[in-house]
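A.B. asks: Residue numbers (my numbering): 23 to 358.
Once you've had a glance at the structure underneath, I'll fire off some questions.
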Amino acid sequence: MLAIQTDATGKSMTVNISKPHIGPDEVLIKTIGCGLCGTDLLKINLGLLRQPTILGHEVVGHVVEKGARVVDYQLGDLIVVAHHVPCGTCHYCLHGNHSMCATFKKTNLDPGGFCEFIRLSQQHLDHTTFKITDDFAWQEALFTEPLACCERSFQKLTILPGDVLVIVGLGSIGIMMTKLVKRLGGKVIGIDTDTHRCSQALSYGADKTIESIDKLHTLINEPTQSRGADGIIFTAGPAGLLNESLLWLRDGGFVNLFSHLSGEVGPIDTSRLYHHEIQIITSYSATPESLKRSFDILKHEALNLKQMFEPYRPDQFEQAVKDMNERKVYKALIEF
């Protein structure tokens, strides 16, 4: 079967490999499309792969083989699946830290998302797989996993109608964060150095956007009566901005770190954190529960995220990586 393999240097190529064999509790899907994620880009750009690897984990496909004991899925079913599955019973899972679970870290798609056929384990079928009905565009369903990562983060935040949120970075994650804030009745001030992305964010629901932080205080003060923003969500940006961002917040506000920020953090004003009850909240990846919520949101609400996709053939994978790195597209979709 056809697959896209990336080596330790970050170079990718199409290869022919053996199709996976399934067990009695497993299914084989024929991939329709797989989204290129920022995590994939990070592994490629920083050379984090130790051996040739098939990346990709935002997958939609048809069931083409099923094990003898599989009853909930039939041949021809169109499904979306996420890659990591927590055990649900370990110390981390019981404390809500599902993405720290050893089973979560170990489970994955076999052999990866960027290939023609994928084996799904019983764990995947039971916890991270969802059927796509005819009234639901599969390209929209492909956002189930990345939106679930955002949605899980929101379960840790308190956002009330009328709250003002600053979103740093207006790529695909920034747009999804914007959508989630708006559905809660909040207001969004977006920051990005890219003029085009600032204007596009307005069409996705952001109330205001700005390309630099020079006039940010004015934008925040107007809707908050100079109280400060209720929260700041970092989806990208330099780590050195973290300490300065504390000055944008109201007393009792929060910073949500939803990304690995680049560069050195520098000193953090812990006195401001303590005396003004400012929280720094992190969130990494999704859970089965946030995947279910995300799938339902995408199915029943018109978020229209699929327009962020740009389609590419498997042999155009390196061009897709280049275009995303150069921010020419929000999100590349590799179609098989």
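We put the CB at the ideal spot given by N, CA and C, even for glycine.
Since this is a predicted model, take the numbers as computed values, not measurements.
#1: Quick check on DSSP: helix, strand or coil for ILE242?
#2: Flag this pair as yes or no: are the beta carbons of ALA342 and LEU24 separated by less than 8 Å?
#3: At the level of alpha carbons, what is the spacing between ILE195 and ARG91?
#4: In angstroms, rounded to a whole number, what distance separates the CA positions of HIS117 and GLN338?
#5: Going along the chain, which unbroken runs of the beta strand (DSSP E) with 3 or more residues stay wholly within the segment 134-204?
#6: Could you have a look at ILE232 and say whether DSSP puts it in helix, strand or coil?
#7: Does the segment 314-332 come close enough to the segment 157-166 to have 3 or more Cβ pairs within less than 8 Å?
#8: Once DSSP output is grouped into helix, strand and coil, what is the label at PHE256?
#9: Would you call the segment 137-153 in contact with the segment 287-298, where contact means no fewer than 3 C-beta pairs closer than 8 Å?
#10: Quickly, what does DSSP pair THR28 with across the bridge? List them, please.
#11: Could you name each continuous alpha helix (DSSP H) segment of 4 residues or more that falls completely within the segment 304-354, going from the start of the chain to the end?
#12: Which whole-angstrom value describes the C-beta separation of LEU50 and GLU87, a residue pair presumed to lie in contact below a C-beta threshold of 8 Å?
#13: Any contact between the segment 104-122 and the segment 59-66? By contact I mean 3 or more CB pairs, one from each, below 8 Å.
#14: Measuring only the C-alpha atoms, how far is ASP345 from VAL351?
#15: Buried or exposed: LYS230, going by 16 or more other Cβ atoms within 10 Å of its Cβ?
#16: Drop a sphere of 10 angstroms on the beta-carbon of GLN177, count the other beta-carbons inside from all chains shown, and report buried for 16 or more, exposed for fewer.
#17: Determine the direct distance from the alpha carbon of LYS353 to that of PRO42, and round the result to whole angstroms.
#18: Going by C-alpha distance, which of LYS328, LYS314 and SER305 is nearest LYS153?
#19: Using a Cβ-Cβ cutoff of less than 8 Å, which residues in the same chain neighbour LEU355 once the five nearest sequence positions on both sides are dropped?
#20: Hey, out of PRO260, PHE276, SER312 and ALA324, whose CA is closest to ILE181's CA?
#21: In its own chain, which residues sit with a C-beta less than 7 Å from the C-beta of ILE76, not counting the 5 before and 5 after it?
#22: Closest to PHE139 by CA distance: which of VAL82, LEU187, HIS218 and GLY285 is it?
#23: As a quick exercise: from LEU241, THR257, ALA258 and ARG141, pick the residue whose alpha carbon is nearest that of GLY250.
#24: Who does GLU87 pair with in a DSSP beta bridge?
#25: Kindly indicate the opening and closing residues of the alpha helix (DSSP H) around ASN119.
#26: Suppose the cutoff is 7 Å on Cβ atoms and the five residues either side in sequence are ignored; what does the same chain contact list for THR20 look like?
#27: Quick one: residues in its chain with C-beta nearer than 6 Å to the C-beta of ASP185, no 5 flanking neighbours on either side, listed in chain order?
#28: Around the C-beta of ILE189, are 16 or more other C-beta atoms found within 10 angstroms, so that it is buried, or is it exposed?
#29: Work out the CA separation of GLY191 and GLU348 for me, nearest whole Å.
#30: With H, G and I counted as helix, E and B as strand and the rest as coil, what does DSSP make of LYS209?
#31: Taking a contact to mean a Cβ-Cβ separation below 8 Å, would you say SER175 touches SER305 in this structure?
C.D. replies: Considering the structure as presented:
#1: helix
#2: no
#3: 38 Å
#4: 42 Å
#5: 139-142, 151-153 and 186-190
#6: strand
#7: yes
#8: strand
#9: no
#10: SER34 and THR75
#11: 310-322 and 339-347
#12: 4 Å
#13: no
#14: 6 Å
#15: buried
#16: exposed
#17: 28 Å
#18: LYS314
#19: GLY55, CYS56, GLY57, LEU58, GLN161, LEU164, PHE331, GLU332, PRO333 and TYR334
#20: PHE276
#21: ALA25, ILE26, GLN27, PRO133, GLY134, PHE136 and CYS137
#22: VAL82
#23: LEU241
#24: LEU50
#25: No alpha helix (DSSP H) contains ASN119, which DSSP labels as neither H nor E.
#26: No answer is possible for residue 20: it lies beyond the span of the chain, which begins at 23 and ends at 358.
#27: GLY208 and ASP252
#28: buried
#29: 14 Å
#30: strand
#31: yes
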